[in-house]
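These notes concern the structure reproduced below.
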Amino acid sequence: MNRSLILGALLSAVFVIAALVSFVWTPHDVLGLDIPNKLKEPGGAHLFGTDHFGRDIFSMVMVGARTSIAVAVVAVGIGMLLGVPLGLAAAARTGTLLDEVIMRGNDLVFAFPSLLIAIMITAVFGASAVNAIIAIGIFNIPVFARLVRGASLSLWTRDYVLAARVSGKGAARISFEHILPNLTNLLIVQGTIQFSLGILAEAGLSYVGLGAQPPTPSWGRMLAESQTMFSFKPHLAIFPGLAILLTVLGLNLMGDGLRDWLDPRLRRTKR
Amino acid sequence: MLRFVLKRLLSLVISLAVASVVIFLFVEVVPGDPAAYMLGMNAQEDTLAALREQLGLNGTLVERYLSWIGGMLRGDFGTSYTYRTPVAEMIGERIWISLPLAVYALTLSTLIAFPAGIWAASKRGSLADVLVMGFTQLGVAIPNFWFAMLMVLLFAINLRWFSAGGFAGWDAGFLPAMKSLTLPAVALALPQASILARVMRSSLLDTLGEDYIRTARAKGLSRRQALWRHALRNALIPVLTIIGLQFSFLLAGAIIIENVFFLPGLGRMVFQSIAARDLIVVESVVMLLVFAVILVNFLVDVAYAVVDPRLRVKA
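Top line first, the protein sequences correspond to chains L and H.
Per our numbering, residue 105 is the first one in the first sequence, and the count goes up by one each step.
Per our numbering, residue 503 is the first one in the second sequence, and the count goes up by one each step.
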């Protein structure tokens, strides 16, 4: 085990636990208004202070973790569920029309940054957390497809794959029984990285109003709502921003650590 | 070389054509009629029909697509539903904020990343390396719009060195205009610079481990001389790829950052158009940005071929 894996896992765990706990308990109600206690500085009954409606920022950050994590997890799931089979298929049929179509399709999606996909979706269907998930998810598909295709190509030349072919297994069976299990480590590492990018993307989309809609607390929207007030009440912007920074930092450290841990060859050359 | 460029040019045209079809079809599935939306609930049927005609909403799907594309090729992006001004004119005004901002940010990011990456790689394992790696780890994780807000708090509100937002305008002179783009450009550049510095460092470390570097060292070059004369040039190839890929993130990031600083660029225009359901504007700006991304990736591919003749044959 290495230090960045432990530190990253601990940081990420804090936010996952906060998100889970928020389902059953938060220090204060995040939907109720408490105008007499609005814009309270951090301390006392409100650890992180309160916002312009008197809502407890600590509780909102907890529930916001739920939104961010849910959006990012589902978006990575979409990317893997569609991207991995596409990558496997392209590698199994390398050099054919299918491979060409899949890879050019990937290039095309790559030309649309996730924010542009989100802009198009919201312009037509309106803003919502679900549309944010779809936009980030679509962006993830080519990432996984390319990764899986590249890594699978070298696996297809291995002797055990040849043995499987001799024993009469088809391309699809070989892909799922012999290629995919060997890609697990790679997918875990890339999944962690895309997860952290998903959290950043969700925050950005919610900040510009294309993501989670009121009253669902979301870190990005909390920052957007603080925009007019943070010059005299900085705590409104500090805590949600720190939450995003620390979660993403934790996931990135965990991704780096996992890569070193799961692939001993890298461990030696990297130092 | 010419063959390679022509081949890539063909693939550029095909990508653009497919992207334009995707964007066009996407906007076509919009629920509701833009003409009805513009004129409100009590619109007369004949007024609606007249407006539809004027907006070019009649005709078959293929006809409308061809007229859209044909118009764009002539520089006619259609007329905004809400502003009733040509979209090309609106883009023409705002691009002089968005484009300089993107170039400014890219320049800053390269100016920060190259020295930092080279420094960290040449002193691997030292305090300098640890510091660069630590800072870049933070730079990658920080949301750029939040970083922008923190900079506003420090440099605009507390120190009063910069204004908190808005654009001075190019008429006010080059320096005042650049000054109002400085905080946005720094906010955009920081995450980019962090990624780029890490790529620069690891790419340099890879090339420093190559046999030809050992040969160079054996000939009597110092580590430093070997780095500058032989390693750097070879290490630049992955760095170029990342700069090309980052361009799309930079454009997307600019859309958000423009909103933090109330810069009247393309990004703000897009959001105002979404709110007004002005799809002609959204469609045109998205197409323009996708065009920019595809074009930059084409240029990067060509730049490779210039830097590294081996890649010409492969392609």
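Using N, Cα and C, we set each Cβ at its ideal position, and we do this for glycine too.
With distances taken from CA atoms, which of the options is nearest residue i?
i                      : options                       : result
residue 638 of chain H : H:584, H:752, H:691 and H:560 : H:691
residue 644 of chain H : L:210, L:178 and L:324        : L:324
residue 491 of chain H : H:761, H:633, H:565 and H:753 : Not covered by the structure: residue 491 of chain H. The range shown for chain H is 503 to 817.
residue 116 of chain L : L:196, L:300 and L:210        : L:300
residue 598 of chain H : H:809, H:810 and H:766        : H:766
residue 757 of chain H : H:505, H:646, H:509 and H:530 : H:646
residue 512 of chain H : H:807, H:797 and H:674        : H:797
residue 799 of chain H : H:773, H:581 and H:743        : H:743
residue 160 of chain L : L:192, L:210, L:340 and L:125 : L:340
residue 623 of chain H : H:728, H:764 and H:762        : H:728
residue 600 of chain H : H:761, H:661 and H:811        : H:761
residue 198 of chain L : L:127, L:256 and L:174        : L:256
residue 314 of chain L : H:776, H:530 and H:679        : H:776
residue 730 of chain H : H:565, H:572 and H:617        : H:617
residue 304 of chain L : L:224, L:114 and L:177        : L:177
residue 567 of chain H : H:587, H:528, H:630 and H:672 : H:528
residue 523 of chain H : H:774, H:629, H:565 and H:660 : H:565
residue 137 of chain L : L:225, L:306, L:357 and L:319 : L:319
residue 694 of chain H : H:752, H:774, H:649 and H:560 : H:752
Here's a check: name, in chain order, each residue in its chain whose Cβ is nearer than 7 Å to the Cβ of residue i, leaving out the five neighbours to either side.
i                      : result
residue 733 of chain H : 706, 709, 710 and 715
residue 362 of chain L : 109, 292, 293 and 296
residue 321 of chain L : 134, 164, 167, 168 and 171
residue 590 of chain H : 577, 578 and 579
residue 221 of chain L : 239, 242 and 243
residue 770 of chain H : 760 and 761
residue 373 of chain L : For residue 373 of chain L, the predicted model reports a pLDDT of 45, less than 50, meaning its position is unreliable; a value from the coordinates is still stated below. So the list is empty, once near-sequence residues are dropped.
residue 573 of chain H : 579 and 580
Rounded C-beta distance between residue i and residue j? I'm assuming under 8 Å.
i                      : j                      : result
residue 278 of chain L : residue 269 of chain L : 7 Å
residue 793 of chain H : residue 563 of chain H : At roughly 22 Å, the Cβ-Cβ gap does not stay under 8 Å, so residue 793 of chain H and residue 563 of chain H are not in contact.
residue 685 of chain H : residue 653 of chain H : 5 Å
residue 233 of chain L : residue 316 of chain L : 4 Å
residue 670 of chain H : residue 681 of chain H : 7 Å
residue 754 of chain H : residue 698 of chain H : Actually they are not in contact, since the Cβ atoms of residue 754 of chain H and residue 698 of chain H sit about 17 Å apart, beyond 8 Å.
residue 596 of chain H : residue 768 of chain H : 5 Å
residue 206 of chain L : residue 190 of chain L : 5 Å
residue 175 of chain L : residue 302 of chain L : 7 Å
residue 784 of chain H : residue 802 of chain H : Not really, about 27 Å apart at Cβ, beyond 8 Å.
Only counting the same chain, and skipping five residues up and downstream in sequence, which positions put a Cβ closer than 6 Å to that of residue i?
i                      : result
residue 366 of chain L : 289
residue 119 of chain L : 169 and 351
residue 286 of chain L : 259
residue 187 of chain L : 245, 248 and 249
residue 745 of chain H : none
residue 764 of chain H : 667 and 668
residue 683 of chain H : 603 and 606
residue 253 of chain L : 191, 194 and 195
residue 375 of chain L : Reliability of the predicted coordinates at residue 375 of chain L is poor, the pLDDT of 36 falling under 50, and the value obtained from them is presented with this limitation in mind. Counting only Cβ-Cβ distances below 6 Å, and skipping sequence neighbours, we find nothing.
residue 750 of chain H : 795
residue 612 of chain H : none
residue 310 of chain L : 316, 322, 324 and 325
Using a Cβ-Cβ cutoff of less than 8 Å, which residues in the same chain neighbour residue i once the five nearest sequence positions on both sides are dropped?
i                      : result
residue 778 of chain H : 583 and 584
residue 142 of chain L : 154, 155, 156, 157 and 158
residue 514 of chain H : 796, 797 and 800
residue 107 of chain L : 361
### alpha helix (DSSP H) runs wholly inside the segment 674-723 of chain H, at least 4 long, in chain order
676-710 and 713-720
### Query
Which full runs of the alpha helix (DSSP H) of 4+ residues lie inside the segment 319-346 of chain L, going along the chain?
323-330
### Query
Quick one: complete alpha helix (DSSP H) runs, 4+ long, within the segment 513-592 of chain H?
536-541, 547-557 and 563-575
### Task
Return the chain-ordered ranges of every alpha helix (DSSP H) run that is complete within the segment 640-665 of chain H and spans a minimum of 4 residues.
646-653
### Message
Give me the subset of the segment 290-311 of chain L whose CB atoms are less than 8 Å from a CB atom of chain H, sorted by chain position.
### Response
300, 304, 307, 308 and 311
#### Entry: Interface residues of the segment 682-708 of chain H facing chain L [CB-CB below 7 Å]
none
### Task
Kindly provide the ranges of any beta strand (DSSP E) runs that are 3 or more residues long and lie completely inside the segment 219-244 of chain L, ordered along the chain.
none
### Query
Where are the beta strand (DSSP E) runs, 3 residues long or more, that stay fully inside the segment 117-196 of chain L, in chain order?
none
### Query
Relative to chain L, which residues along the segment 761-786 of chain H have a C-beta separation below 7 Å, given in chain order?
761, 772, 773, 776, 781 and 784
#### Entry: Short-range partners of chain H found in the segment 236-263 of chain L, where Cβ spacing is below 7 Å
none
#### Entry: Short-range partners of chain L found in the segment 630-641 of chain H, where Cβ spacing is below 8 Å
639 and 640
### Message
Any C-beta of chain H within less than 7 Å: which residues of the segment 320-346 of chain L qualify?
### Response
327, 334, 335, 338, 341 and 345
### Message
Short of 7 Å Cβ to Cβ, which residues in the segment 142-153 of chain L face chain H?
### Response
none
### Residues of the segment 646-657 of chain H with Cβ closer than 9 Å to any Cβ of chain L, in chain order
646, 647, 648, 649, 651, 652, 654 and 655
### Task
Residues of the segment 156-171 of chain L with a CB closer than 7 Å to any CB of chain H: list them in chain order, please.
none
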